[in-house]
DNA sequence: CAAGTTACCTGACGGC
DNA sequence: TGCCGTCAGGTAACTT
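Residue numbers (the numbering used here): 691 to 966.
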């Protein structure tokens, strides 16, 4: 379930193996992803071109080509990218293989196919923020993401706090796990109505979201479930969750029993004492 | 227009 | 043993 930290870890993991490499061959599986690209379009925009930078925006990974074309990956629930020797066995659910000129291969694997692959032609990449990312909110580490921004955005809404921060238009990259962890760190209840949150509380939440995400990136991304880091070694660092999946356990602050409740259709974990 | 619900997928797991 | 229901959650499309 790659959220922002996991995508960032994948990016850092594969970037050195991709930059400066040109694309020699592309192989697609016959399975459809949530969104995918035809082999014909891939070949036209990618073959013979060189990857110049690997970036991230929200939970998307962006491979910029020297032609200015852009190959974009979203990992959905179970997606992953890795670099392999050409003769490494093909895994079940490998949906895209991009052979590079140095006889290595970038492989996109996605068991549940909630992931997506997008390809933008050079002329489509000039103003990404107003096109592809038109509805995507600020990055959590951007100055634009601050207490005042959240306060103003929330004041006319009645949503639960957790749903609000998981909405990509509010802030990019926060999924269920880090929403739970950030709210616990900020001592805020997931079910609070967002129009009742004070500016001071929003400021605290911004600070805690950044701290939680930064910590997760530093831990190499979480290794929960089927996330595997870019070098394909499962779990080299394990993020220690304080609240996610801990229902029935004692709160690390006050020893009360951690509760589980569905909020906005998603499993939510919280301490009813600390996050009153 | 905001907010809530469902569809898309596979695999792991628990109950019987 | 094996069958079935449930759950996991990112996002878009849908309904209320």
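Glycine residues also receive a C-beta, built at the ideal position from the N, C-alpha and C atoms.
Remember, predicted model here, so these are calculated numbers, not experimental data.
CA-to-CA distance, residue j to residue i, given in whole angstroms
i	j	result
residue 746	residue 763	10 Å
residue 799	residue 876	35 Å
residue 932	residue 758	42 Å
residue 771	residue 700	7 Å
residue 888	residue 806	37 Å
residue 1012	residue 702	As displayed, the chain neither begins before 691 nor continues past 966, which places residue 1012 out of reach and without an answer.
residue 842	residue 824	19 Å
residue 811	residue 760	7 Å
residue 924	residue 845	Reliability fails at residue 924, whose pLDDT of 47 lies under 50, so the model's placement of it is uncertain and no value is given.
residue 768	residue 879	28 Å
residue 955	residue 857	13 Å
residue 722	residue 808	13 Å
residue 749	residue 691	10 Å
residue 727	residue 944	51 Å
residue 963	residue 946	7 Å
residue 744	residue 775	20 Å
Per-residue burial, residue i [other beta carbons within 10 Å of its own, 16 or more giving buried]
i	result
residue 989	No answer is possible for residue 989: the residues shown for the chain start at 691 and end at 966.
residue 938	exposed
residue 915	Its pLDDT being 40, under 50, residue 915 is placed unreliably by the model, and nothing is read from it.
residue 695	buried
residue 813	exposed
residue 784	buried
residue 873	buried
residue 936	buried
Residue interval of the alpha helix (DSSP H) (run including residue i)
i	result
residue 852	851-856
residue 898	889-908
residue 708	694-708
Supposed contact pair residue j and residue i - C-beta distance, whole angstroms, cut 8 Å
i	j	result
residue 899	residue 850	About 16 Å; that fails the 8 Å criterion.
residue 802	residue 827	Not confirmed; about 25 Å, so no contact.
Host beta strand (DSSP E) of residue i (start-end)
i	result
residue 731	Careful: residue 731 lies outside any beta strand (DSSP E), inside the alpha helix (DSSP H) at 729-736.
residue 959	956-960
residue 713	713-718
Q: Would you check if the stretch 817-833 and the stretch 790-798 touch, i.e. whether three or more CB-CB distances between them fall below 8 Å?
A: Touching, no.
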